[in-house]
Amino acid sequence: MDEEPFPLAHDEIPDVLQANVPPFEEEEREDTAHDYDMNLSNDGNEHDDERKEGEQAANVLVYRPQIDLDSIVNSFSSEALIIRLLFVADVCPPLRSEALKILIEHVKNNTQNVNAYTLIYHRIEGFKRRGGLLNPELIPPVDQHWLETTTAKAQSRLDLLNSEFRHQKDDGVKESIRRAMDDVFHHHLAMGNIHDALKLYSRGIREYCTAPNYLIQMLLNWINASVYGSQWGKLNVLIPQAERAVAEALEREGGSGQNRNVKSNNADGNRKFIQSSKAKLNAVSGLSAMKTGRFKDAADKFMQVDLDSLDYPELLSNHDIACYGTICSLATYDRKELKEKVLLSASFRKFLESEPKFVDLLQKFTSNQFGIALDILGEIKDGLLLNVYLAPILNDLYDLIRKRAIVQYFEPFLSADLNRMAQEFRTSVEDLEKELVGLIYSKLLAGRIDSFNKVLHLQIADKQKGVYEDILKANKDLEETIRSIVIRSALQQQGVFIGAEGHLNRKRRDIFEELEAQHMGHSSSTGHRVLATVQRFFNAASSRIHPQAPEAQQFMEEENDDPDENMEN
1 MDEEPFPLAH DEIPDVLQAN VPPFEEEERE DTAHDYDMNL SNDGNEHDDE
51 RKEGEQAANV LVYRPQIDLD SIVNSFSSEA LIIRLLFVAD VCPPLRSEAL
101 KILIEHVKNN TQNVNAYTLI YHRIEGFKRR GGLLNPELIP PVDQHWLETT
151 TAKAQSRLDL LNSEFRHQKD DGVKESIRRA MDDVFHHHLA MGNIHDALKL
201 YSRGIREYCT APNYLIQMLL NWINASVYGS QWGKLNVLIP QAERAVAEAL
251 EREGGSGQNR NVKSNNADGN RKFIQSSKAK LNAVSGLSAM KTGRFKDAAD
301 KFMQVDLDSL DYPELLSNHD IACYGTICSL ATYDRKELKE KVLLSASFRK
351 FLESEPKFVD LLQKFTSNQF GIALDILGEI KDGLLLNVYL APILNDLYDL
401 IRKRAIVQYF EPFLSADLNR MAQEFRTSVE DLEKELVGLI YSKLLAGRID
451 SFNKVLHLQI ADKQKGVYED ILKANKDLEE TIRSIVIRSA LQQQGVFIGA
501 EGHLNRKRRD IFEELEAQHM GHSSSTGHRV LATVQRFFNA ASSRIHPQAP
551 EAQQFMEEEN DDPDENMEN
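Here UniProt numbering is used: the first residue of the sequence shown is 1, the next is one more, and so on.
In structure tokens:
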């Protein structure tokens with residue numbers, strides 16, 4: 001009998017990590033259980049959308065893990081590692097005990113995050129009650145001494161840093177204030193107090209940053225903390241600010257580089273930092289777009305990430321970029337874009353060099369071998385479901401990929417046999433018909449289904465009607481151009497020229513207002529014709545359609561050179 005998934009909103013795991021949880025005590029376990037189960041916390045519906053997304057991820061358990069826990073440990077640090085391992089423990093029973101063991105050791109040895117430590121053991125108790133812990137002997141007992149001493153040390157250190165921060169603010173030295181604020185921020189992260197860290201930076205950091213690099217680094221820290229706390233809305237403001245700061249830094253670096261013949265080590269380090277920050281921003285911008293359903297924007301951003309400059313253990317790995325970029329591009333790019341932007345991309349191709357499965361998937365998709373491509377997608381799905389940011393939206397992306405595959409499959413044909421299509425897309429004819437009906441109703445596929453003969457026919461649009469409409473439009477444009485040429489020629493023959501643009505606008509406005517006052521522009525077809533003729537007159541005379549003749553240009557320049565004489569005349 002399959003195990004029921006642990007009822008926790010996984011997308012809100014980072015929010016839970018920073019909750020103020022008391023030290024673990026046996027008698028308080030039931031009373032504080034609601035602090036860890038976000039689905040049971042409140043009856044209100046203010047977080048219903050986030051909760052549903054978390055429940056969707058929680059309802060999928062992975063029993064064939066295609067992931068190496070050591071690779072996660074080596075790829076991530078700090079809060080990112082906690083979030084990843086906790087998610088794996090929730091959705092993958094075969095790796096649960098090992099993931100929790102690694103997680104406990106990491107929290108004890110590398111952080112002061114008492115909240116995360118307490119959360120882990122409450123989660124373990126939940127697994128034990130439901131029989132979901134495969135190897136309980138791997139889990140060490142609660143270290144009450146570590147809890148008490150770490151809590152005391154962390155709070156003492158925080159009080160000291162806050163005192164130093166207040167002292168520096170009183171002194172008013174911006175650089176000292178920035179360093180003190182940065183120390184407090186990182187200590188909050190080490191303690192798991194994500195909201196306190198975000199609140200600290202929200203008070204204003206720009207005024208304390210005396211150099212562009214300081215501003216970029218603090219904005220990146222703010223972005224990372226926002227992702228840890230699942231506050232994706234903040235990224236819409238923070239990422240553009242950071243991108244502007246990086247662009248300004250690059251511009252300054254380029255300008256200063258032109259005036260220097262010898263590059264100093266400091267300049268090289270500064271340039272590397274800017275390039276690294278740019279790569280991180282492209283990566284996190286793609287992640288933000290992917291989480292909010294803007295999959296094509298996400299794919300575009302992932303294609304721009306520079307592998308040589310990316311070192312982002314605080315949030316994303318190289319495998320993440322390859323994975324997210326491949327799946328999002330398959331869901332949104334056409335065949336030409338997949339070839340040019342993905343397979344032939346000089347930057348993204350570097351990410352794919354260590355991911356042969358993704359390369360094979362892209363090649364099969366672009367060569368119309370959709371059956372094999374869908375088989376590969378099925379093979380890698382379990383591994384993708386263990387990715388904390390991809391799992392909640394993976395089904396949506398797979399649906400988009402399948403729809404795009406069906407549409408591309410039918411593009412070269414006037415008709416297609418549903419039996420062969422069903423075989424290619426690994427489904428039954430009945431289910432395929434339902435998919436095709438949905439695509440036709442959504443206007444993604446122009447076709448008609450012969451359900452009796454099991455044939456899909458291309459619905460040919462009335463091309464003659466479209467061509468006829470294009471001809472009429474071209475004829476109208478040509479007629480307008482010829483009329484304008486004739487009017488302009490007649491005006492030039494009579495020596496009539498229109499003056500400055502501002503004067504022309506005033507004259508035109510006065511004439512139109514006079515015509516409208518006579519109700520010519522609204523109550524009769526004659527009025528419409530008069531207005532159209534006057535409009536055409538001014539357009540032609542002021543060279544709106546064709547350039548002015550040389551004599552007309554010379555006349556206008558003479559008129560503009562001597563305005564007083566013109567007034568007297």
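In this text, a Cβ means the ideal position worked out from N, Cα and C, and glycines have one as well.
Can you tell me where the alpha helix (DSSP H) with Ser75 in it begins and where it stops?
In the sequence shown, counting from the first residue as 1, residue 75 sits at position 75. It spans Leu69 to Ser75 - the alpha helix (DSSP H) in which Ser75 sits, taken as one unbroken run.
Rounded to whole angstroms, what is the Cα-Cα separation between Glu243 and Asn475?
The residue given as residue 243 occupies position 243 in the sequence shown. The residue given as residue 475 occupies position 475 in the sequence shown. Each residue's Cα considered, the two are about 48 Å apart.
Taking 7 Å as the cut-off, decide whether the C-beta atoms of Ser282 and Lys301 are in contact.
If you number the sequence shown from 1, residue 282 lands on position 282. If you number the sequence shown from 1, residue 301 lands on position 301. For the sequence presented, residue 282 should be read as Asn rather than Ser. Yes.
Which class does Gly325 belong to by DSSP, given the choice of helix, strand or coil?
Working through the sequence shown from its first residue, we reach residue 325 at position 325. Reduced to three states, the DSSP call for Gly325 is helix.
Assign Val496 to buried or exposed, taking buried as 16 or more other Cβ atoms, counted over all protein chains shown, within 10 Å of its Cβ.
Translated into positions along the sequence shown, residue 496 becomes position 496. Per the 10 Å Cβ criterion, exposed.
At least three beta-carbon pairs within less than 8 Å, the stretch 380-390 to the stretch 82-94
As far as the Cβ criterion goes, the stretch 380-390 touches the stretch 82-94, which means the pair count is three or higher.
Segments of 4+ residues assigned as alpha helix (DSSP H) that fall wholly inside the stretch 388-457:
394-410, 418-424 and 429-441
Going by CA-CA distance only, name the one from Gly233, Asp450 and Ser277 that's closest to Tyr312.
The sequence position of residue 312 within the sequence shown is 312, counting from 1. Of the listed residues, the one whose Cα sits closest to Tyr312 is Ser277.
Might you give, ordered along the chain, the residues of its own chain that have their beta carbon closer than 8 Å to the beta carbon of Lys52, omitting 5 neighbours on each side?
Counted from its first residue, the sequence shown places residue 52 at position 52. In this prediction, Lys52 has a pLDDT of 41, which is less than 50 and means its spatial position is unreliable; what the coordinates show is noted afterwards. No residues qualify anywhere along the chain.
What's the C-alpha gap between Asn368 and Ala346?
Within the sequence shown, the letter at position 368 stands for residue 368. Within the sequence shown, the letter at position 346 stands for residue 346. Roughly 23 Å separates the two Cα atoms.
Range covered by the alpha helix (DSSP H) that runs through residue 577
With the chain covering only 1 through 569, there is no way to say anything about residue 577.
Which whole-angstrom value describes the C-beta separation of Ala197 and His188, a residue pair presumed to lie in contact below a C-beta threshold of 8 Å?
Within the sequence shown, residue 197 is the residue found at index 197, counting from 1. Within the sequence shown, residue 188 is the residue found at index 188, counting from 1. Yes, Ala197 and His188 are in contact; Cβ-Cβ is about 4 Å, under 8 Å.
In the DSSP assignment, find the alpha helix (DSSP H) that holds Lys169 and state where it starts and stops.
Within the sequence shown, the letter at position 169 stands for residue 169. Its alpha helix (DSSP H) spans residues Gln144 to Asp171.
Pull up the distance between the alpha-carbon of Tyr63 and that of Gly378, whole angstroms please.
For the purposes of this step, residue 63 is taken as residue 63 along the sequence shown, with counting starting at 1. For the purposes of this step, residue 378 is taken as residue 378 along the sequence shown, with counting starting at 1. Looking at the two C-alpha atoms, the distance is approximately 14 Å.
Run the CB neighbour count on Ile120, radius 10 Å, all protein chains shown included, and call it buried at 16 or more, exposed below.
Counting from 1 along the sequence shown, the entry for residue 120 is found at position 120. The residue in question, Ile120, is buried, as its Cβ has 16 or more Cβ neighbours within 10 Å.
With H, G and I counted as helix, E and B as strand and the rest as coil, what does DSSP make of Ala89?
For the purposes of this step, residue 89 is taken as residue 89 along the sequence shown, with counting starting at 1. Here Ala89 sits in helix by DSSP.
Pick helix, strand or coil for Arg130, following the three-state DSSP scheme.
Here residue 130 corresponds to residue number 130 of the sequence shown, with the count starting at 1. The answer is coil: DSSP assigns Arg130 none of H, G, I, E or B.
Verify whether the separation of the beta carbon atoms of Ile321 and Leu397 is less than 7 Å.
Start at 1 with the first residue of the sequence shown, and residue 321 comes out as number 321. Start at 1 with the first residue of the sequence shown, and residue 397 comes out as number 397. In this structure, Leu397 does not lie closer than 7 Å to Ile321 by Cβ.
Give me the Cα-Cα distance between Ala152 and Asp143, rounded to the nearest whole angstrom.
In the sequence shown, counting from the first residue as 1, residue 152 sits at position 152. In the sequence shown, counting from the first residue as 1, residue 143 sits at position 143. So the alpha carbons of these two residues sit roughly 15 Å apart.
Under 6 Å from any heavy atom of the ligand MG, does the C-beta of Lys234 make it?
For the structure depicted, the ligand MG is absent and the ligand set is empty, with no information on it obtainable.
Let me know if Ile72 comes out buried or exposed under the rule of 16 or more other beta-carbons within 10 Å of its beta-carbon.
Along the sequence shown, one-based indexing puts residue 72 at 72. Buried.
Given 8 Å as the limit, is there contact between the stretch 332-350 and the stretch 413-427, that is, 3 or more CB pairs closer than that?
no
Could you pull out every unbroken alpha helix (DSSP H) segment of at least 4 residues lying fully inside the stretch 207-249, listed in chain order?
212-228
Option in Lys108, Thr111 and Ile104 with minimal Cα separation from Ile124:
On the sequence shown, position 124 is the one that residue 124 refers to. Comparing Cα positions, the closest option is Ile104.
When DSSP labels each residue in this structure, what does Leu362 get in the three-state scheme?
For the purposes of this step, residue 362 is identified with residue 362 of the sequence shown, where counting begins at 1. Correct three-state label for Leu362: helix.
Starting from Ser202, trace the alpha helix (DSSP H) both ways and give me its first and last residue.
By one-based count along the sequence shown, residue 202 stands at place 202. Note, Ser202: alpha helix (DSSP H), Ile194 to Ser202.
Mind checking Glu175: buried by the 16 CB within 10 Å criterion, or exposed?
One-based indexing of the sequence shown puts residue 175 at position 175. Exposed: under 16 other Cβ atoms inside 10 Å.
In angstroms with no decimal places, state the Cα-to-Cα distance between Leu458 and Glu435.
Locating residue 458 in the sequence shown gives position 458, counting from the first residue. Locating residue 435 in the sequence shown gives position 435, counting from the first residue. Taking the straight line from one Cα to the other gives about 16 Å.
Mapping DSSP to helix, strand and coil, what is Val62?
Within the sequence shown, the letter at position 62 stands for residue 62. In the three-state reduction of the DSSP assignment, Val62 falls in the coil class.
Can you tell me whether Pro140 is buried or exposed, with buried defined as 16 or more other CB within 10 angstroms of its CB?
Looking up residue 140 in the sequence shown gives position 140. Pro140 comes out exposed.
Which same chain residues end up closer than 8 Å to Glu251 when comparing Cβ atoms and leaving out the 5 residues on each side of it in sequence?
For the purposes of this step, residue 251 is taken as residue 251 along the sequence shown, with counting starting at 1. Closer than 8 Å at the Cβ level, and outside the excluded window around Glu251, lies no residue.
Report the rounded CA-to-CA distance for Lys169 versus Ile177, giving the unit in angstroms.
The residue given as residue 169 occupies position 169 in the sequence shown. The residue given as residue 177 occupies position 177 in the sequence shown. Looking at the two C-alpha atoms, the distance is approximately 6 Å.
Restricting to Cα atoms, I'd like to know which of Met191, His167, Leu338 and Glu98 is closest to Glu79.
Mapped onto the sequence shown, residue 79 falls at position 79. Checked all of Met191, His167, Leu338 and Glu98; the closest Cα to Glu79 is Met191.
Leu160 to Glu314 span [Cα, whole Å]:
Translated into positions along the sequence shown, residue 160 becomes position 160. Translated into positions along the sequence shown, residue 314 becomes position 314. Answer to the nearest angstrom: the Cα atoms are 26 Å apart.
Alpha carbon of Asp450 to alpha carbon of Ser442, nearest angstrom
As a working mapping, residue 450 is identified with position 450 in the sequence shown. As a working mapping, residue 442 is identified with position 442 in the sequence shown. Cα to Cα, Asp450 sits roughly 18 Å from Ser442.
Residue from Gly438, Leu374, Tyr468 and Asn74 with nearest C-alpha to Arg426:
On the sequence shown, position 426 is the one that residue 426 refers to. Ranking the options by Cα distance to Arg426, first place goes to Leu374.
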